[in-house]
Amino acid sequence: MIHSLFLINCSGDIFLEKHWKSVVGQSVCDYFFEAQERAADVENVPPVIPTPHHYLISIYRDKIFFVSVIQTEVPPLFVIEFLHRVADTFQDYFGECSETAIKDNVVIVYELLEEMLDNGFPLATESNILKELIKPPTILRSVVNSITGSSNVGDTLPTGQLSNIPWRRAGVKYTNNEAYFDVIEEIDAIIDKSGSTVFAEIQGVIDACIKLSGMPDLSLSFMNPRLLDDVSFHPCIRFKRWESERVLSFIPPDGNFRLISYRVSSQNLVAIPVYVKHAISFKENSSTGRFDVTIGPKQNMGKTVEGVIMTVHMPKAVLNMNLTASQGNYTFDPVTKD
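Take the sequence shown: its position 184, counting from 1, is numbered 184 in full-length UniProt numbering, and each next residue is one higher.
Written out as structure tokens, the structure reads:
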């Protein structure tokens with residue numbers, strides 16, 4: 001399925017490549033560079049680029065392009081999901097998915113890619129299983145390996161690899177059993193000049209940190225689960241029970257993972273914690289104008305709003321701005337117009 005993988009930074013340099021079948025030359029990336037030049041922004045590069053002999057399917061994560069080379073026709077979302085798994089694995093192993101971290105741990109990166117794909121087909125993509133196969137890097141382990149010449153790759157196949165619960169490693173033991181769940185929500189809204197909400201929607205995720213011994217079986221229920229739309233589940237979720245009872249029932253992975261992501265589109269139930277009012281005016285026969293924005297917390301929310309950051313994207317025609325703020329700090333970048 002996947003013949004090759006190229007990692008490209010924002011400068012257009014290919015700093016890592018991996019081939020599972022025949023070697024594909026770097027010249028195939030020229031089609032990607034051409035599409036990148038035509039795109040207005042790095043995030044607007046087409047995720048699927050057809051070439052005369054291959055398909056290039058890519059994602060953009062942490063200022064890195066993950067470009068995969070496909071020779072046969074496959075579902076693009078399948079490849080995109082795998083590329084995100086690769087980036088998530090690097091994040092989990094190295095603490096960050098950056099060019100520096102990948103270069104500093106290039107041996108482990110190649111070992112991970114070798115285990116995650118077997119002859120181009122996904123094999124082991126769960127972090128818990130990979131950590132049993134390939135130990136995460138530590139200073140002590142690096143010193144020992146350099147002296148003894150040993151490898152990070154384990155000698156035995158993880159037991160979870162052959163079970164029907166591949167996302168959880170076997171033999172987990174903790175002195176203190178604990179489980180934490182973080183509900184993180186972002187509100188996308190359109191507000192008119194009077195401060196009234198025209199459109200509002202919530203994009204949310206539930207991140208979990210599980211440190212439980214053995215093989216725990218958890219259930220998580222909501223006050224009103226019918227509000228959740230477009231729910232995306234971790235593979236550990238029992239989908240049939242969610243369909244019948246709207247209850248999250250699962251045997252969790254060990255450590256940090258994303259349990260679900262969802263959307264709330266019921267506009268009447270989306271409470272915006274701040275009010276925003278704005279006014280735009282232009283002077284006649286002049287190239288100058290005035291833009292006033294007022295933002296503050298709503299008194300009926302009952303919670304303190306902290307760490308407010310307001311970003312205003314100005315048109316490219318704007319050359320300079322004179323800013324005045326009643327509170328806080330402000331900056332204007334003439335390059336990005338923010």
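We treat Cβ as the ideally placed atom computed from N, Cα and C, and that holds for glycine. Nothing here was measured: the structure is a model prediction, and the numbers come from that model.
Relative to the C-alpha of residue i, which residue among the options is closest?
i	options	result
LYS298	SER196, THR51, LEU112	SER196
PHE82	TYR180, MET1, ILE165	MET1
LEU16	LEU56, PHE33, VAL67	VAL67
LEU112	PHE78, GLU99, GLU132, VAL335	GLU132
ASP118	CYS10, PRO253, ASP217, LYS18	LYS18
SER98	ILE80, MET116, LYS63, LEU77	LYS63
ARG226	SER265, TYR180, ALA179	SER265
PHE336	GLN327, ASN329, MET321	According to the sequence as given, residue 336 is Thr; it is not Phe. Considering only alpha carbons, the answer is MET321.
GLY171	ILE129, ILE280, GLU306	ILE129
VAL270	LYS21, PRO52, ILE191	ILE191
LYS277	SER127, TYR174, MET310	MET310
GLY307	VAL318, GLY328, GLY289	GLY328
ILE280	TRP242, GLY296, SER194, ILE272	SER194
PRO136	MET116, ASP338, PRO273, ASN105	ASN105
TYR275	ASP292, LEU259, GLY296	GLY296
ASP217	ILE251, LYS21, HIS84	ILE251
ALA189	ILE272, CYS236, VAL318, MET314	ILE272
ILE134	THR89, ASP30, TYR31	THR89
LEU212	TYR174, ILE237, TRP242	TYR174
GLN26	LEU5, VAL45, TYR110	LEU5
VAL183	MET215, LEU259, ILE49	LEU259
TYR31	GLU43, PRO52, TRP20, SER22	PRO52
residue 363	GLY120, GLU43, ALA35	What the structure shows of the chain is the stretch from 1 to 338, and residue 363 is not part of that stretch, so it cannot be assessed.
GLU115	VAL86, ILE237, GLY214	VAL86
HIS234	HIS313, ASP207, GLY214, ALA325	ASP207
ILE49	ALA35, GLU43, ARG61	ALA35
ILE237	ASP338, ASN164, ALA325, VAL107	ASN164
PRO315	PRO122, ASP338, ILE187, LEU123	ASP338
VAL312	THR294, LYS103, THR304	THR294
For residue i, does the three-state DSSP call read helix, strand or coil?
i	result
VAL86	helix
ALA208	strand
ARG290	strand
residue 412	There is no way to answer for residue 412, as the model of the chain reaches only from 1 to 338.
LEU123	coil
PRO297	strand
SER4	strand
LYS240	helix
ILE165	coil
ASN285	coil
VAL305	coil
LEU323	coil
residue 366	The requested residue 366 does not occur in the structure, where the chain is confined to residues 1 to 338.
LYS173	coil
TYR330	coil
VAL28	helix
LYS193	coil
LYS337	coil
ARG280	It is worth fixing the name first, because residue 280 is Ile in this sequence and not Arg. The answer is strand: DSSP assigns ILE280 an E or B state.
ILE134	strand
ILE14	strand
ILE251	coil
ILE129	helix
Spatial neighbours of residue i within its chain, please: C-beta separation below 8 Å, excluding the five flanking residues on both sides.
i	result
HIS54	HIS3, VAL24, VAL28, VAL69, ILE70, GLN71
THR138	none
PRO47	ILE57, SER58, ILE59, PRO76, ILE80
ASN9	PHE15, LYS63, ILE64, PHE65, GLU99
LEU319	PRO334
ALA317	none
ALA101	PHE90, PHE94, GLY95
Among residues of its own chain, excluding the 5 on either side of residue i, which ones have a beta-carbon nearer than 7 Å to its beta-carbon?
i	result
ASP230	TYR262, ARG263
PHE33	GLY12
TYR330	LEU323
VAL74	MET1
ASP254	ASN128, ARG168, ARG169, VAL172, ILE210
ASN177	LYS211, LEU212, SER213
TYR110	LYS18
TRP242	LEU248
Who are the near neighbours of residue i in its chain, counting only those whose CB is closer than 6 Å to its CB and skipping five residues on each side?
i	result
CYS209	TYR180, ASN256
GLU185	ILE202, GLY204
GLU126	PRO166, TRP167
SER232	SER261
ARG290	SER281
Looking at the C-beta of residue i, does it have a partner C-beta in chain C at a distance below 8 Å?
i	result
ILE202	Reference to chain C is not applicable here, since this structure consists of a single protein chain.
Inter-stretch contact (C-beta, 8 Å, three-pair minimum) for the region 239-250 and the region 213-227: yes
Three-pair Cβ contact test at 8 Å for the region 198-209 versus the region 277-292: no
Segment contact flag, the region 34-43 with the region 94-113, C-beta cutoff 8 Å, min 3 pairs: no
Length at least 4, wholly inside the region 33-114: the alpha helix (DSSP H) runs in chain order: 76-94, 99-104
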